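Visitor: Have a look at this one before I ask anything.
2 protein chains.
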Amino acid sequence: MPDTKILLEERDIPTHWYNVVADMPNKPAPPLGPDGQPVGPDKLLAIFPMSLLEQEMSGERWIPIPEPVREAYRMWRPSPLFRAHRLERMLGTPAKIYYKHEGVSPAGSHKPNTAIPQAYYNKEAGIKRIATETGAGQWGSSMALAGKMFGLDVRVYMVKVSYDQKPFRRSMMHTWGAEVYASPTDMTQAGRNVLAQDPNSPGSLGVAISEAVEEAASRPDTNYALGSVLNHVCLHQTIIGQEAKKQFEKVGDYPDMVFAACGGGSNFAGAAFPFFADKAAGEKRAQNIRLVAVEPTSCPTLTKGVFTYDYGDASGYTPLMLMYTLGHDFMPPGIHAGGLRYHGDSTLVSHLLHDGLIEAIAVPQLATFEAGVQFAQAEGIIAAPESCHAIRACIDEALRCKATGEPKTLFFNLSGHGHFDMASYDKYFAGELEDYVYPEEAIHAALEHLPKFG
Amino acid sequence: MPDTKILLEERDIPTHWYNVVADMPNKPAPPLGPDGQPVGPDKLLAIFPMSLLEQEMSGERWIPIPEPVREAYRMWRPSPLFRAHRLERMLGTPAKIYYKHEGVSPAGSHKPNTAIPQAYYNKEAGIKRIATETGAGQWGSSMALAGKMFGLDVRVYMVKVSYDQKPFRRSMMHTWGAEVYASPTDMTQAGRNVLAQDPNSPGSLGVAISEAVEEAASRPDTNYALGSVLNHVCLHQTIIGQEAKKQFEKVGDYPDMVFAACGGGSNFAGAAFPFFADKAAGEKRAQNIRLVAVEPTSCPTLTKGVFTYDYGDASGYTPLMLMYTLGHDFMPPGIHAGGLRYHGDSTLVSHLLHDGLIEAIAVPQLATFEAGVQFAQAEGIIAAPESCHAIRACIDEALRCKATGEPKTLFFNLSGHGHFDMASYDKYFAGELEDYVYPEEAIHAALEHLPKFG
C-alpha cells in the first residue's frame, strides 16, 4: 500500500510566499476610508509595521520568507500530507483523497503560519508588545505562541463569553506567557463604553477588536495583529498549498479539486492559491482544477452575500473593503465552527470568486459533524468543526465519484484538530445541534445597512 | 542549523518488537495465584487471546509485528524525534537534548502503540468485543480508537469521578464509537456490590478493572485489555525506542541518558529497553548509557517501594506479581499526572532496577509543571503532566551539564500532549497545586498489608 503520510524535510519549507495578486486578472480594489478615498499605508502605521503593510499592498508574485520565520516554522513544518486510504475504503469511492494536516502546529491549527511572521516583522520594527483579540481562542493562542518565540509581550482581549465558557484555550495562552483579559474590559474606552451600557455584556468579536486596536493605536511600543481576512495573512498561509504541491509531486499526483473551509478566507487562500498559481502559469494539469471554498449555510457570505464595499468589523471602525458581505451588522447564529462566523470575506478570495476563478458552496452544520465523525472513525484524527466543513464537501464529492465511477484526485485542508472542541461533538451526539439556514429576508435586512458614500 | 525534527519513512516502522526478557540476566519471576503457584496461560484464556499470552510468557528476543498492525501504526508512526534546539538555548546548556513525540497519535499519547496490536490479536482470535477500564481516559480513548480500526466493539468502564469531571476524553471515546459507562455500574456484580455499600461511590480504578474483567470473563465474545504493567504491553511499546535508535543513527548521535516517566512501566520500557538491547549486545557506545525511570515523589514505587510479590490491583483480584510495590492498598494523593498513580510497577522494569541495570528517580509535582511550562515556552508543545516528569529530569541533567560543561546527549520520551490537561496547568498557574512527599510511615503501613503465602 502506498504511504499514508507524505512527508517533506525541513529544507523543503518554501523560501517564498505566493502572492496571488500578481496573477489576478482584476487587481483587488484598495481599502477605502469613511470619505470614500483609498486608505494609504501611513494611516495604518499606528498599528502595523511597514513591512506588513508593504506585503498588504504588494503586487510581487513571490515574497521571500525571512530565515528566522522559516526556522520557527520548523517547530512543526512541513506539515504532513495524508492519503486517506481508510476513508476511501470506508466510502467505497474510486476517488483518491488527500488532506494536509495543519493541526500538527503547537497551537493546533493553521493560524501560527501567519502569527509567526507577524511576530517576527513587529519585533524587527522595534515593537515590544502585540494587542490582539480572540473569540474561541484559536487566534489568540497562536499569537501567544508566536510572541513567545520572538520575545514579544502579547495581550489578548478574549470575548467574555468564550473566556468564561472555553477556559482551556485561555490556559494555553497563559502557558505561552500571554496576558488574557475578558472583553469588554475597563482598560480601554471602547470597553468602558460597552460596560457603561451593560456591565454584564458577554462581549463580541467586534468589541474585542476595538479594544485591541485602541490599545495598539495609543501605545507606540504596541501593534495590532489580525488572524485572517487581510492580504498579508492570506499571503503567509500560502505555505500550506506550496508544501502540498511538493508533496503531490513526490507521489506523482495532482488534485482535480481543492476544498477548504472559508471564514475570513485565509485558510482557503493558503490551501488554494498556490494551485491557482499553476493555472495562471499555464500549467496544463492545472487548467481544469476546481478550487472550492466551503462555508456554513448559517453564515453564507460567499454564496448569498453581495460583492460590495463594507466594513471589516461589526462596529464600522475599520476601513471599507470590497468583498462579499452579508452586511457588517449581520449576526450569524452561534454555530460551533466559531472561525466561520464572519459577515465578510477576504478581498482576494472575494475578487477571485466574483471573477469566476474559484467556487463556493455552503454546507449545513449537522452534516459537517456527521462527516467529522466518519473521518475520525476512518482516519483516527478528530477534526476541528471548521475543518469538518471541508471534510463534508470532500466526502460529498467522493460519493459523487462513487456514483459516476470517476477516479478524481481530491484534496482538502484539515485546518486544525478538535481537541478543544469536544463539547461541540458532545452536543452533536446528544442531538442538541441544529441546522440553520439563514432566511433570505434577514440577509436582505442586514444588507440595507451597507455603508453609503462617494 | 541542524534539523529540528528527525523523520523516518513509513517503511522504517520496525518489523519486530524487542523483548527484553531475552537479555535479562535474571529472568522475570512468573505471576502466582493465591495458592502461591505459578499461573499458567490456561487460567487467563478467559480474558486474553492466546497470542498475547504467548507474548506475555515469551523469551524470544524479537517478536514479529503483524502487517495489519504496522499498517495501522502508519496513521501516525514513525513519530518524530525532535532536537530541542530552543530548549538548549533557553537553558544555556552544552548538552544536546532530543525527545520523541508520542503525542502525535490520534489519541494523543503512546497508549495506541499497544491498543492497536491488542485489538488486532483479539480480532484474529474471533473476539467481537473488548471490555476495559480507564481513569482519566488516556487508555480508554486509545482502546476506543484501536477497536474502531479493527472492527471490535469497545466498552469502557470509566471511573465515575473522571467521567463527571473530565468529559472530553469521554467525548473522544464516543467519537470513535465506544460505549462509555461511569463505574461503578449496575451491570456487573462488582459494580453492584460497591453501589450497595455506597450508591454515590465516586469509583476507583480498582473497581473499574473488576467490572471490565468480570464482563470479559463472563462473555465468550468479549476479552479484556490492559494499558500498562504487563510484559506484552511493555513489548509493544518498544517500537518507540527502536524508532528513536534509527533516528539517532540518521543524525550520527547516541544518547548518554534516557529519561521516561514511569507509572505502570510501559512508557519507560518502550523508550528505554531498545537501548538496553544495545548494551546487552555489547555495543561499545551503549556500555555506559543510563536509563532513568522518572516517577512522582507522591507515588514513589521504584524509589521507596519494596521488591516483592503483590497484587496488581487494589482489590486483590489479579495474580501476584514480583515487582516494586508500595502495597496494593496504597492510595496515592490525587496528583495531576493520573497515569503515574500506581502502587506497583511492571515486573520487567522492577527486575531490571533490582539488578541495578536501570535507575529510578522521583520528582515533585510543582517542579514538573515548572518544567512543562519552560518546555512549552521553548519548544511550543504543551506536554501531558506525566511527560513533564521526564522533562523535569532531563532539564535537571542539562543544567548539571551546564555546571560541569559536559556536552552529554540526553533523550526523553514525550509520552503525550497536554491538550486534555489544561485544567491542571490552570491550577498550577493559580498556585493551587501542592507537592506531596509520601510519609515513610504511610508507606510502611501499606506494606504491612502485602499478601502472605507459600
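Chains as they are written, first to last, in my numbering: chain A, 377 to 830; chain B, 377 to 830.
Just so you know, even glycine gets a beta-carbon here, dropped at the ideal spot from N, CA and C.
The structure presented is a predicted model; accordingly, all values stated were derived computationally and were not measured.
(1) In chain order, what residues of the same chain lie with their CB nearer than 7 Å to the CB of LEU606/A, ignoring the 5 residues before and after it?
(2) Starting from the N-terminal side, write out each stretch of the beta strand (DSSP E) that is 3 residues or longer and does not extend beyond the region 525-549 of chain B.
(3) Mind checking whether ASP540/A and ILE506/A have CB atoms under 9 Å apart?
(4) Residues bridged to TRP393/A by DSSP?
(5) Do you know how far the Cα of ILE585/A is from the Cα of TYR812/B?
(6) On the DSSP bridge assignment, give the partners of VAL556/A in chain order.
(7) By the DSSP assignment, the alpha helix (DSSP H) with ALA752/B in it spans what residues?
(8) I'd like to know if LEU348/B contacts chain A, where contact means its C-beta is closer than 9 Å to some C-beta of that chain.
(9) Does chain B have any CB closer than 9 Å to the CB of LEU521/A?
(10) Just verifying my parser: in three-state terms, what is the DSSP assignment at CYS764/A?
(11) Can you list the residues of chain A that THR785/B reaches, using a CB-CB cut of under 9 Å?
(12) The region 550-561 of chain B: which residues have C-beta closer than 7 Å to a C-beta of chain A, in chain order?
(13) Taking Cβ positions, are SER642/B and SER594/B nearer each other than 9 Å?
(14) So, at 8 Å on beta carbons, what are the nonlocal neighbours of LEU809/B in its own chain, with the 5 sequence-adjacent residues on each side left out?
(15) Leaving out the 5 sequence neighbours to the left and right, which residues in its chain are closer than 6 Å to ALA738/B when beta-carbon positions are compared?
(16) Could you name each continuous beta strand (DSSP E) segment of 3 residues or more that falls completely within the region 429-474 of chain B, going from the start of the chain to the end?
(17) Between the region 527-545 of chain A and chain B, which residues of the former have CB atoms less than 9 Å from a CB of the latter, in chain order?
(18) In whole angstroms, what separates the C-alpha of VAL445/A from that of PRO390/A?
(19) Use the C-beta contact count for HIS820/A: other C-beta atoms within 10 angstroms, 16 or more gives buried, fewer gives exposed.
(20) What's the call for MET377/A, buried or exposed, on a 16-neighbour Cβ count within 10 Å?
(21) From the DSSP output, in three-state form, read off GLY567/B for me.
(22) Is it buried or exposed for GLY830/A, if we count other Cβ within 10 angstroms and need 16 for buried?
(23) In whole angstroms, what is the alpha-carbon distance linking SER374/B and TYR449/B?
(24) Taking only beta carbons into account, state which residues of the region 750-770 of chain B come closer than 8 Å to chain A, listed in chain order.
(25) Taking only three categories from DSSP, how would you classify LYS476/B?
(26) Does the beta-carbon of ASP574/B have 16 or more other beta-carbons within 10 angstroms, so that it is buried, or is it exposed?
(27) By Cβ distance below 7 Å, which residues in the same chain neighbour PRO442/B in space, the five residues on each side in sequence not counted?
(28) Return the first residue and the last residue of the beta strand (DSSP E) that MET697/B is part of.
(29) Suppose you measure from the CA of GLU386/B to the CA of ALA620/B; what does that come to, to the nearest Å?
(30) Would PRO442/B count as contacting chain A if we go by Cβ distances under 9 Å?
(31) At a Cβ threshold of 9 Å, is ALA620/A touching chain B?
(32) Could you confirm whether any beta carbon from chain A is found closer than 9 Å to the beta carbon of THR380/B?
(33) Mind checking which residues open and close the alpha helix (DSSP H) that includes LEU823/B?
(34) Which chain A residues are close to SER434/B, counting only those with a beta carbon under 9 Å from its beta carbon?
(35) What residues in the region 796-808 of chain A have a beta carbon less than 8 Å from any beta carbon of chain B?
Guide: This is what the structure holds:
(1) Along the first sequence, one-based indexing puts residue 606/A at 230. The answer, listed in chain order, is GLU432.
(2) Counting only runs of 3 or more, we get 529-535.
(3) Taking the first residue of the first sequence as position 1, residue 540/A is located at position 164. Taking the first residue of the first sequence as position 1, residue 506/A is located at position 130. Contact: no.
(4) Walking along the first sequence from the start, residue 393/A turns up at place 17. TRP393/A pairs with ILE439/A.
(5) As a position in the second sequence, residue 812/B is number 436, starting the count at 1. As a position in the first sequence, residue 585/A is number 209, starting the count at 1. Cα to Cα, TYR812/B sits roughly 44 Å from ILE585/A.
(6) Within the first sequence, numbered from 1, the residue matching residue 556/A stands at position 180. Looking at the DSSP assignment, VAL556/A forms a beta bridge with VAL532/A.
(7) Locating residue 752/B in the second sequence gives position 376, where the first residue counts as 1. ALA752/B -> alpha helix (DSSP H) spans 741-755.
(8) Residue 348/B is absent from the model: chain B starts at 377 and stops at 830.
(9) Here residue 521/A is taken as the residue at index 145 of the first sequence, counted from 1. Yes, its Cβ sits closer than 9 Å to a Cβ of chain B.
(10) One-based indexing of the first sequence puts residue 764/A at position 388. Of the three classes helix, strand and coil, the one that applies to CYS764/A here is helix, per DSSP.
(11) Translated into the one-based positions of the second sequence, residue 785/B becomes position 409. By Cβ distance, chain A contributes nothing, its closest Cβ being about 20 Å from THR785/B, past 9 Å.
(12) Of all residues in the region 550-561 of chain B, those with a C-beta nearer than 7 Å to a C-beta of chain A are HIS550, THR551, TRP552 and GLY553, reading in chain order.
(13) Working through the second sequence from its first residue, we reach residue 642/B at position 266. Working through the second sequence from its first residue, we reach residue 594/B at position 218. Result no, Cβ atoms of SER642/B and SER594/B do not sit closer than 9 Å.
(14) Here residue 809/B is taken as the residue at index 433 of the second sequence, counted from 1. Excluding positions up to five away in sequence, the list reads HIS712, GLN741, LEU742, PHE745, SER800 and LYS803.
(15) Position 362 of the second sequence, counted from the start, is the residue given in the question as residue 738/B. Sequence-distant partners of ALA738/B (beyond 5 residues in either direction) whose C-beta falls short of 6 Å from its own C-beta, in its chain, are GLU671, THR673, PRO676 and THR679.
(16) 438-440 and 457-459
(17) PRO543, PHE544 and ARG545
(18) The count along the first sequence starts at 1 and reaches residue 445/A at position 69. The count along the first sequence starts at 1 and reaches residue 390/A at position 14. In a straight line, the C-alpha of VAL445/A is about 11 Å away from that of PRO390/A.
(19) Working through the first sequence from its first residue, we reach residue 820/A at position 444. By the neighbour-count rule (16 or more Cβ atoms within 10 Å), HIS820/A is not buried but exposed.
(20) The residue given as residue 377/A occupies position 1 in the first sequence. That one is exposed.
(21) Looking up residue 567/B in the second sequence gives position 191. Residue state, collapsed to three classes: helix.
(22) As a working mapping, residue 830/A is identified with position 454 in the first sequence. Note on GLY830/A: pLDDT 45, under 50, position unreliable in the model; the coordinate value appears next. So GLY830/A counts as exposed.
(23) Residue 374/B lies beyond the stretch modelled for chain B, which goes from 377 to 830, so this question has no answer here.
(24) ALA752, GLN753, GLU755, GLY756, ILE757 and ILE758
(25) Position 100 of the second sequence, counting from 1, holds the residue named residue 476/B. Three-state result, LYS476/B: strand.
(26) For the purposes of this step, residue 574/B is identified with residue 198 of the second sequence, where counting begins at 1. Classification of ASP574/B: exposed, given that the 10 Å Cβ count is below 16.
(27) Looking up residue 442/B in the second sequence gives position 66. TYR496, listed in sequence order.
(28) Taking the second sequence and counting its residues from 1, one reaches residue 697/B at position 321. Taken as a continuous stretch (DSSP letters only), the beta strand (DSSP E) holding MET697/B covers 696-701.
(29) For the purposes of this step, residue 386/B is taken as the residue at position 10 of the second sequence. For the purposes of this step, residue 620/B is taken as the residue at position 244 of the second sequence. Straight-line Cα distance between these residues: approximately 14 Å.
(30) On the second sequence, residue 442/B is found 66 positions in, with the first residue counted as 1. Judged by the 9 Å Cβ criterion, PRO442/B is not in contact with chain A.
(31) One-based indexing of the first sequence puts residue 620/A at position 244. Not an interface residue.
(32) For the purposes of this step, residue 380/B is identified with residue 4 of the second sequence, where counting begins at 1. For THR380/B, the answer is yes, since a Cβ of chain A falls inside 9 Å of its Cβ.
(33) Numbered from 1 along the second sequence, position 447 holds the residue referred to as residue 823/B. 816-823 is the extent of the alpha helix (DSSP H) around LEU823/B.
(34) Translated into the one-based positions of the second sequence, residue 434/B becomes position 58. Near SER434/B there are no residues of chain A at all, since even the closest Cβ is about 29 Å away, more than 9 Å.
(35) PHE796, MET798, ALA799, TYR801, ASP802 and PHE805
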